[in-house]
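Structure, as structure tokens:
In mature numbering (1 follows the signal peptide of the UniProt record, and there is no 0), the protein residues as written are -16 to -1, 1 to 246.
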């Protein structure tokens, strides 16, 4: 089915190679990027992207579902070969190689609608002025350099943080007042709010915590630089067909095409 996206591409092969092994791809519940569809198969923006790239490159692959914190452990060990939607950090580069960026990610603050006008924040640092605020975050996720600095160095911010492995639980707690803020990707957060039918309770604060491009993350323990080069080359050539925008528009309105690297 994904090959339908490739219509209009030149008939000559895009990349005359294939991967060094069958690639095990980790995924987590992260709609609209990664989720289980009605037939029980993994689907979403990130899933469709990597399927199209690996199919065109002639690579074999399979998918394994697991929590994000476990993804990092298994990529480091080499028991998982590739992870989706990963931010590039110095720590992760010690055990993984990163593809060229393939989509943009906005990390934002989700709050109860009534609280948003009471918190006119212009930077994340200002949230420490409200020391009683409870901030829910996903364990193992990257929220940008400012967040990382505060988490490592600011005692007030450290006390405010509540780490969990389940975003749905964090949003449930936000809705009933057990959390005051949840930090999350804009579109994943909106998807969870719709799932929980809490659109009238939870909204998005205008402060952007982090504006970042994300990558495919390849295990150094199990995949080679050649595998990375193949994925990058196939992605670059497929992009000429507009395949990413076509996939993205299946899940997100077309006017958000600025999520794609130029």
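Note that CB positions come from ideal geometry on N, CA and C, so glycine has one too.
**Message:** Three Cβ pairs or more, each shorter than 8 Å: is that satisfied between the segment 44 to 61 and the segment 108 to 127?
**Reply:** yes
**Expected contact under 8 Å - CB spacing of residue 192 and residue 92 to nearest Å** = 6 Å
**Message:** Contact between the segment 140 to 154 and the segment 166 to 175 is defined here as three or more beta-carbon pairs at a separation below 8 Å; is this criterion met?
**Reply:** yes
**Message:** residue 200 and residue 215 - do their beta-carbons sit closer together than 8 Å?
**Reply:** yes
**Request:** Quick one: which unbroken alpha helix (DSSP H) runs of 4-plus residues sit fully inside the segment 167 to 235? Chain order, please.
**Result:** 170 to 179, 209 to 223 and 227 to 233
**Exposed unless 16 or more other CB atoms sit within 10 angstroms - verdict on residue 160** = exposed
**Asked** Comparing alpha-carbon positions, which option in 224, 9, 217 and 158 lies nearest residue 65?
**Response** 9
**According to DSSP, residues forming a beta bridge with residue 88** = 197
**Message:** Across the segment 217 to 227 and the segment 78 to 90, are there enough close Cβ pairs to call them in contact, namely three or more that are closer than 8 Å?
**Reply:** yes
**Request:** Round the Cβ separation of residue 155 and residue 134 to the nearest angstrom and send it over; I've been treating them as touching at under 8 Å.
**Result:** Wrong, their Cβ atoms sit about 22 Å apart, outside the cutoff.
**Item:** CB of residue 37 within 8 Å of CB of residue 231, strictly
**Value:** no
**Item:** C-alpha distance - residue 32 paired with residue 235, whole-angstrom precision
**Value:** 11 Å
**Asked** What runs of the beta strand (DSSP E), each 3 residues or longer, lie entirely inside the segment 46 to 85?
**Response** 66 to 70 and 80 to 82
**Message:** Please give me, in chain order, every unbroken run of the beta strand (DSSP E) with length at least 3 that falls completely inside the segment 82 to 149.
**Reply:** 87 to 96, 119 to 122 and 145 to 148
**Request:** Give me whichever residues DSSP pairs with residue 18 in a beta bridge.
**Result:** 14
**Item:** From 59, 26, 62 and 57, residue whose alpha carbon lies closest to that of residue 46
**Value:** 26
**Request:** Could you tell me whether any non-hydrogen atom of the ligand COA is closer than 7 Å to the CB of residue 86?
**Result:** As for the ligand COA, it is missing from this structure, which has no ligand bound.
**Request:** Could you please give the first and the last residue of the uninterrupted alpha helix (DSSP H) stretch that includes residue 5?
**Result:** Residue 5 -> no alpha helix (DSSP H), and no H or E assigned at all.
**Asked** Where residue 223 and residue 7 are concerned, what is the direct C-alpha to C-alpha distance, given to the nearest angstrom?
**Response** 22 Å
**Prompt:** residue 229 to residue 43, Cα distance in whole Å?
**Reply:** 23 Å
**Item:** Exposed unless 16 or more other CB atoms sit within 10 angstroms - verdict on residue 102
**Value:** exposed
**Item:** Beta-carbon contacts of residue 115 that lie in its chain and below 8 Å, excluding the five residues immediately before and after
**Value:** 140, 143 and 144
**Exposed unless 16 or more other CB atoms sit within 10 angstroms - verdict on residue 211** = buried
**Item:** Best match in 207, 97, 163 and 130 for proximity to residue 107 [C-alpha to C-alpha]
**Value:** 130
**Item:** residue 88 to residue 197 span [Cα, whole Å]
**Value:** 4 Å
**Message:** Taking the alpha carbon of residue 76 as the reference point, which residue from 233, 205 and 97 has its own alpha carbon closest?
**Reply:** 205
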